[in-house]
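*Asks:* Heads up: the sequence lines are chains G and D, in that order. If you're matching positions, the first sequence starts at 5 in the numbering used here and goes up one per residue. If you're matching positions, the second sequence starts at 5 in the numbering used here and goes up one per residue. Handing you a structure now.
2 protein chains.
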Amino acid sequence: MTEDGAAQPGLSRETIAQAALRVLEREGIDGLSMRKVGAEVGVQAASLYWHVRNKEQLLDLLTDALMADAVPPPRTGHWRDQLRAYCELHRQYLLGKRDAAKVAAGRLAPGPHILRLMEDQLGRLREAGFSAADAALTSHLLGVYVQGFVLQEQAPLSATEAMGAGRRAAATAVGDQFRALPEAEFPHLVALAGDLTEPTMDDRFAFGLERLLDGLAALLEPPTDPTEDRNSTHE
Amino acid sequence: MTEDGAAQPGLSRETIAQAALRVLEREGIDGLSMRKVGAEVGVQAASLYWHVRNKEQLLDLLTDALMADAVPPPRTGHWRDQLRAYCELHRQYLLGKRDAAKVAAGRLAPGPHILRLMEDQLGRLREAGFSAADAALTSHLLGVYVQGFVLQEQAPLSATEAMGAGRRAAATAVGDQFRALPEAEFPHLVALAGDLTEPTMDDRFAFGLERLLDGLAALLEPPTDPTEDRNSTHE
DNA sequence: ACCTGAACACCGTTCAAGT
DNA sequence: ACCTGAACACCGTTCAAGT
Chain G
5 MTEDGAAQPG LSRETIAQAA LRVLEREGID GLSMRKVGAE VGVQAASLYW HVRNKEQLLD
65 LLTDALMADA VPPPRTGHWR DQLRAYCELH RQYLLGKRDA AKVAAGRLAP GPHILRLMED
125 QLGRLREAGF SAADAALTSH LLGVYVQGFV LQEQAPLSAT EAMGAGRRAA ATAVGDQFRA
185 LPEAEFPHLV ALAGDLTEPT MDDRFAFGLE RLLDGLAALL EPPTDPTEDR NSTHE
Chain D
5 MTEDGAAQPG LSRETIAQAA LRVLEREGID GLSMRKVGAE VGVQAASLYW HVRNKEQLLD
65 LLTDALMADA VPPPRTGHWR DQLRAYCELH RQYLLGKRDA AKVAAGRLAP GPHILRLMED
125 QLGRLREAGF SAADAALTSH LLGVYVQGFV LQEQAPLSAT EAMGAGRRAA ATAVGDQFRA
185 LPEAEFPHLV ALAGDLTEPT MDDRFAFGLE RLLDGLAALL EPPTDPTEDR NSTHE
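Printed below as a string of structure tokens:
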């Protein structure tokens, strides 16, 4: 029951993915080399190429391993709450591992762990009443949103800064930068400098998520409904 | 009027960014090295470090240069149509340059060209009636969506394949892969295999965009409105 | 079947030195 | 002020050869 009947040679793809995960945690994505992963698992870099076509494939495995211990939210309550919990969990898992979003960026990588989560999420969408086509599109959409969001969240603000300053400090610096723009040419950037730079990442994530959920809800109910007390991240 | 009064030394950041853009187009992101950019501009790689802190900063400049000749959609019609056109244009510009999404991935990079587009977009959002806070959050949200989407769109399907097969062929291969899963454990993945793999990227992009726009519309109108004939990507 | 040694063709970055 | 030469410490990948 170990993939395909062969005796495990002490060095499986699974083992390699776990080793890569440890190297990532320790050294970040820039320190994640074939040589270091090899060393982590007690082998030369060249040996890895027996188990894996190239580094890209190793990163695919690593991406799946990132979700290895993700546990879906409880299957109770409104579909909207379940979906929200799903996205928040996904975000938290990515944020929890160093540079995870950069590793996963633009990777479909349907490994066993990700398939398990997809299956579970599709089931909830179907139960909520989404058509097969809409459930599939929605699953993809939510994945794109969370991955795209966290990618920006984990990246240093404007990449130039943030090699010195703190998190919030960089944001206010960008705000001042906006405010210092020529007002004739950039009236809105000047006026909205605070609105653009002050919201926390939590705020931003919630905002996008609620808009998305609103849009999905509209898909479900033919546009007539009196119960309209959805929570709105609005001031 | 050239940045800051100094005589241009024949080698400006602008020149470097343009050269980087040409190298990117020719060799892709994996071939985009400091040495090659230097060669493109007729100089040693080391010389670039006089104008640029490091490769990250060069990529920031390149990201802004990617949007250099983007022209905003006409400022007429419903805000919803304008915003949709904006996102579609953004996507097209990213798709138009080789590996553009990978370069821009997770980069805020508020250079002059991107600032110009932000300013324009914020103006439209304010005109549409969005609050300052909502306009700012919406601008960020749309950026995340488009960038996250195209990133996945430009990445090879599952990264392992797509080094040989064609676009649509890889998709159906993944579909068959889903269908071959143990049905007891993955009933929905098996059942929705077609729905998950058949939609084109255009379909997927439109689906997410319309959901987003629906959610944003709900923000604008206090939930009572009879005119409800929005276009829906639904079958 | 699996791993090593050694090599190939590169990298980003630094830094003295030139002009 | 701007650029070069040369070096440092690495890379991913291949491939004969070992066991």
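Built from N, CA and C at the ideal position, the CB exists for glycine as well. Model, not experiment: these values are computed from the prediction.
Short of 8 Å in beta carbon distance, which residues of its chain neighbour residue 32(D), apart from the five on each side in sequence? Order them along the chain.
*Replies:* Within the second sequence, residue 32(D) is the residue found at index 28, counting from 1. Result list for residue 32(D): 102, 103, in chain order.
*Asks:* Classify residue 48(D) as helix, strand or coil using the three-state DSSP reduction.
*Replies:* Looking up residue 48(D) in the second sequence gives position 44. It is coil, neither helix nor strand.
*Asks:* Inspect the CB distances between the stretch 67 to 74 of chain G and the stretch 108 to 126 of chain G and report whether three or more fall short of 8 Å.
*Replies:* Yes, the stretch 67 to 74 of chain G touches the stretch 108 to 126 of chain G.
*Asks:* Rounded to the nearest angstrom, what separates residue 105(G) and residue 174(G) at their Cα positions?
*Replies:* For the purposes of this step, residue 105(G) is taken as residue 101 along the first sequence, with counting starting at 1. For the purposes of this step, residue 174(G) is taken as residue 170 along the first sequence, with counting starting at 1. Going by the C-alpha atoms only, they are around 21 Å apart.
*Asks:* Can you give the Cα-Cα distance for residue 85(G) and residue 137(G), rounded to whole angstroms?
*Replies:* Position 81 of the first sequence, counting from 1, holds the residue named residue 85(G). Position 133 of the first sequence, counting from 1, holds the residue named residue 137(G). Distance between the alpha carbons of residue 85(G) and residue 137(G) is about 21 Å.
*Asks:* Measure the CB-CB distance between residue 170(G) and residue 198(G) and report whether it falls below 8 Å.
*Replies:* Position 166 of the first sequence, counted from the start, is the residue given in the question as residue 170(G). Position 194 of the first sequence, counted from the start, is the residue given in the question as residue 198(G). In this structure, residue 198(G) does not lie closer than 8 Å to residue 170(G) by Cβ.
*Asks:* Hey, residue 126(D) and residue 192(G): beta-carbon distance below 8 Å or not?
*Replies:* Working through the second sequence from its first residue, we reach residue 126(D) at position 122. Working through the first sequence from its first residue, we reach residue 192(G) at position 188. Yes, the Cβ-Cβ distance between residue 126(D) and residue 192(G) is below 8 Å.
*Asks:* Could you pull out every residue in the same chain whose Cβ sits closer than 6 Å to the Cβ of residue 224(G), ignoring the five residues on either side in sequence?
*Replies:* Position 220 of the first sequence holds residue 224(G). Contacts found: 133.
*Asks:* Measure the alpha-carbon distance for residue 161(G) versus residue 189(G) and round it to whole angstroms.
*Replies:* As a first step, residue 161(G) is located in the first sequence; it is residue number 157 there, counting from the start. As a first step, residue 189(G) is located in the first sequence; it is residue number 185 there, counting from the start. Rounded to the nearest angstrom, the two C-alpha atoms are 24 Å apart.
*Asks:* Can you have a look at residue 73(D) and say buried or exposed, based on whether 16 or more other CB atoms are within 10 angstroms of its CB?
*Replies:* Here residue 73(D) refers to the residue found at position 69 of the second sequence. Its Cβ having fewer than 16 others within 10 Å, residue 73(D) is exposed.
*Asks:* Going along chain D, which residues have a C-beta under 7 Å from residue 205(G)?
*Replies:* Here the question's residue 205(G) lines up with position 201 in the first sequence. Under the 7 Å cutoff, chain D gives no residues; its nearest Cβ is about 10 Å from residue 205(G).
*Asks:* How about residue 110(D): is its C-beta nearer than 8 Å to some C-beta of chain G?
*Replies:* Mapped onto the second sequence, residue 110(D) falls at position 106. Chain G contact via Cβ: present.
*Asks:* So residue 219(D) contacts chain G; which residues on that side make the cut at Cβ distance below 9 Å?
*Replies:* What you label residue 219(D) is simply residue 215 of the second sequence in a count that begins at 1. Near residue 219(D) (Cβ distances below 9 Å), the residues of chain G are 212, 214, 215, 216, 217, 218, 219, 220, 221, 222.
*Asks:* What is the DSSP secondary structure of residue 135(G), counted as helix, strand or coil?
*Replies:* In the first sequence, the residue the question calls residue 135(G) occupies position 131. Residue 135(G): coil per DSSP, three-state reduction.
*Asks:* Could you tell me which whole alpha helix (DSSP H) segments of length 4 or greater appear in the stretch 167 to 203 of chain D?
*Replies:* Entirely contained in the stretch 167 to 203 of chain D, the alpha helix (DSSP H) runs reaching 4 residues are, in chain order, 171 to 183, 191 to 195, 197 to 201.
*Asks:* Between the stretch 200 to 207 of chain D and the stretch 76 to 84 of chain D, are three or more C-beta pairs nearer than 8 Å?
*Replies:* At 8 Å Cβ cutoff, the stretches do not touch.
*Asks:* Listing by chain order, which chain D residues have their CB less than 7 Å from the CB of residue 28(G)?
*Replies:* Mapped onto the first sequence, residue 28(G) falls at position 24. Neighbours of residue 28(G) on chain D: none; closest Cβ ~16 Å, over 7 Å.
*Asks:* Determine whether the Cβ of residue 122(G) lies closer than 8 Å to any Cβ atom of chain D.
*Replies:* Within the first sequence, the letter at position 118 stands for residue 122(G). Taking Cβ atoms only, chain D reaches closer than 8 Å to residue 122(G), which makes this a yes.
*Asks:* I want to see whether chain D comes within less than 8 Å of residue 153(G), judged by CB atoms only; does it?
*Replies:* For the purposes of this step, residue 153(G) is taken as residue 149 along the first sequence, with counting starting at 1. Output row for residue 153(G): interface = yes.
*Asks:* Could you list which residues in chain G have their beta carbon closer than 9 Å to that of residue 161(D), in chain order?
*Replies:* Stepping through the second sequence from its first residue, residue 161(D) is reached at position 157. Residues of chain G passing the Cβ test: 112.
*Asks:* Do residue 142(G) and residue 129(G) have their C-beta atoms within less than 8 Å of each other?
*Replies:* Position 138 of the first sequence, counting from 1, holds the residue named residue 142(G). Position 125 of the first sequence, counting from 1, holds the residue named residue 129(G). Cβ distance < 8 Å, so residue 142(G) and residue 129(G) count as in contact.
*Asks:* Which full runs of the beta strand (DSSP E) of 3+ residues lie inside the stretch 73 to 134 of chain G, going along the chain?
*Replies:* Counting whole runs of 3 or more residues, the stretch 73 to 134 of chain G contains no beta strand (DSSP E) stretch at all.
*Asks:* Measure the C-alpha to C-alpha separation of residue 26(G) and residue 111(G) and round it to an integer number of angstroms.
*Replies:* Along the first sequence, read from residue 1 onward, the residue named residue 26(G) stands at position 22. Along the first sequence, read from residue 1 onward, the residue named residue 111(G) stands at position 107. One C-alpha to the other measures close to 20 Å.
*Asks:* Report the residues of the stretch 70 to 98 of chain D with a CB closer than 7 Å to any CB of chain G, ordered along the chain.
*Replies:* Within the stretch 70 to 98 of chain D, no residue qualifies.
*Asks:* Distance cutoff 8 Å, beta carbons only. Does residue 32(D) sit that close to anything in chain G?
*Replies:* Within the second sequence, the letter at position 28 stands for residue 32(D). No, because no Cβ of chain G sits closer than 8 Å to the Cβ of residue 32(D).
*Asks:* Interface residues of chain D around residue 101(G) at Cβ under 8 Å?
*Replies:* Within the first sequence, residue 101(G) is the residue found at index 97, counting from 1. Simply none; closest approach about 15 Å.
*Asks:* Quick check: what's the CA-CA separation for residue 95(D) versus residue 75(D)?
*Replies:* Taking the first residue of the second sequence as position 1, residue 95(D) is located at position 91. Taking the first residue of the second sequence as position 1, residue 75(D) is located at position 71. C-alpha separation (whole angstroms): 13 Å.
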